[in-house]
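Top line first, the protein sequences correspond to chains A and B. Reading the first sequence from the start, the letters are residues 7 to 117 in the working numbering. Reading the second sequence from the start, the letters are residues 27 to 140 in the working numbering. Where a beta carbon is used, it is the ideal one built from N, C-alpha and C, also for glycine. The block underneath contains the structure these notes are about, expressed in C-alpha cells.
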Amino acid sequence: QKEVEQDPGPLSVPEGAIVSLNCTYSNSAFQYFMWYRQYSRKGPELLMYTYSSGNKEDGRFTAQVDKSSKYISLFIRDSQPSDSATYLCATASGGSYIPTFGRGTSLIVHP
Amino acid sequence: DAEITQSPRHKITETGRQVTLACHQTWNHNNMFWYRQDLGHGLRLIHYSYGVQDTNKGEVSDGYSVSRSNTEDLPLTLESAASSQTSVYFCASSPEGGSTDTQYFGPGTRLTVL
C-alpha cells in the first residue's frame with residue numbers, strides 16, 4: 007500500500023460545478039500537506055500548502071485536512087475549463103524536504 | 027525572475043548510450059531533486075541533493091547517477107540507457123528552511139530510449 011492514495015480518475019464535471027478531490031494517507035507523522043496542479047506536458051506547480059489540520063482558502067480553492075481520519079481534500083468552487091489538469095496531493099513529516107506524492111487525479115471541466 | 031530550467035526538453039536515444047539531462051535553478055536553493063513520472067506510478071524520486079558535493083539515492087536510483095558541483099546545477103546521468111528508462115523526468119528544488127517540503131518543479135524532459 008502506498009503511503010498516499012489518490013483516485014486517478016478521470017473526474018469529469020460541467021463548468022461551474024464544485025469539485026472535490028481527495029487523498030488518504032497512512033503515516034500519522036505527516037504534518038505538512040500540499041496540493042500541486044499539473045497541466046498536460048508541464049511540471050507540477052504548488053497550488054496550496056497547509057500545516058496540520060484545518061482549512062485553508064485561496065480564491066476558489068479550499069484545502070482541508072482531517073488528521074484524525076488521515077484524509078486530505080481540495081475543493082474547487084465555480085470550476086472552469088482552465089482548471090482541467092492533474093492534481094497531485096503530497097504530504098511530509100518535515101525536515102527531510104522530501105514529500106510523498108499521490109499518483110494524481112485527472113480533472114476535466116467541460117464547458 | 028528566478029526559475030528552474032531543464033534541457034533538453036525532448037530526447038531520443040538508443041539502448042546502451044549514456045545520456046545526461048541538465049537541471050539549472052536560479053533560486054539559490056540548497057535542495058535539488060530528480061523524479062521520473064510514469065502512468066500508473068506517479069512521481070518517483072531518483073536522486074536528491076541537499077547541497078554542493080552531497081548526493082543521495084531515491085527509491086528508483088538504479089541506472090542513474092548525479093553530481094553536485096555547484097548550487098545551481100544537478101545533472102542526471104543515465105549510464106547505459108534502457109527502454110525501461112523511457113519516461114518524463116522532472117527536476118525540482120526547494121529552499122532550506124523555507125515552507126518545509128514544498129518543491130518547485132522544472133518543465134520536464136521527455137526521454138525516449140529505443
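Item: Neighbour-count burial assignment, residue 100 of chain A, 16 or more Cβ in a 10 Å radius; Value: exposed
Item: Rounded C-alpha distance that separates residue 140 of chain B from residue 108 of chain B; Value: 8 Å
Item: Contact check, residue 128 of chain B vs residue 54 of chain A, beta carbons under 7 Å; Value: no
Item: Amino acids of chain A, ordered along the chain, whose beta-carbon sits closer than 9 Å to that of residue 87 of chain B; Value: Near residue 87 of chain B there are no residues of chain A at all, since even the closest Cβ is about 13 Å away, more than 9 Å.
Item: Under 9 Å (Cβ pairs) to chain B, residues found in the region 38-66 of chain A; Value: 38, 40, 42, 44, 47, 48, 49, 50, 51, 52, 55 and 57
Item: The region 57-75 of chain B: positions lying closer than 8 Å to chain A by Cβ; Value: 57, 59, 66, 67, 68, 69, 71 and 74
Item: C-alpha distance - residue 29 of chain A paired with residue 108 of chain A, whole-angstrom precision; Value: 7 Å
Item: Interface residues of chain B facing residue 22 of chain A [CB-CB closer than 8 Å]; Value: Those do not exist, as residue 22 of chain A stays about 29 Å from chain B at its closest Cβ, beyond 8 Å.
Item: Test item: CB-CB of residue 87 of chain B and residue 72 of chain B under 7 Å; Value: yes
Item: Cβ pair residue 23 of chain A, residue 90 of chain A closer than 7 Å; Value: no
Item: Backbone CA spacing between residue 10 of chain A and residue 92 of chain A [nearest angstrom]; Value: 16 Å
Item: Residue(s) in a DSSP beta bridge with residue 116 of chain B; Value: B:61
Item: With 16 other Cβ atoms within 10 Å as the buried cut-off, status of residue 55 of chain B; Value: buried
Item: Contact with chain D by residue 120 of chain B, beta-carbon distance below 7 Å; Value: Absence of chain D from the displayed structure is noted, the protein chains being A and B.
Item: Contact with chain B by residue 107 of chain A, beta-carbon distance below 7 Å; Value: yes
Item: Secondary structure, beta strand (DSSP E): runs of 3+ residues fully inside the region 35-83 of chain B; Value: 36-39, 45-51, 57-64, 68-77 and 80-83
Item: Residues within the region 73-106 of chain A neighbouring chain B, beta-carbon criterion of under 8 Å; Value: 94, 96, 98, 100, 101, 102, 103, 104 and 105
Item: Proximity winner among A:114, A:81, A:96 and A:33, relative to residue 64 of chain A (alpha-carbon distances); Value: A:81
Item: Nearest to residue 120 of chain A (by Cα), restricted to the options A:67, A:51, A:20 and A:75; Value: Absent from the model: residue 120 of chain A. The displayed extent of chain A is 7 to 117, so no value can be given.
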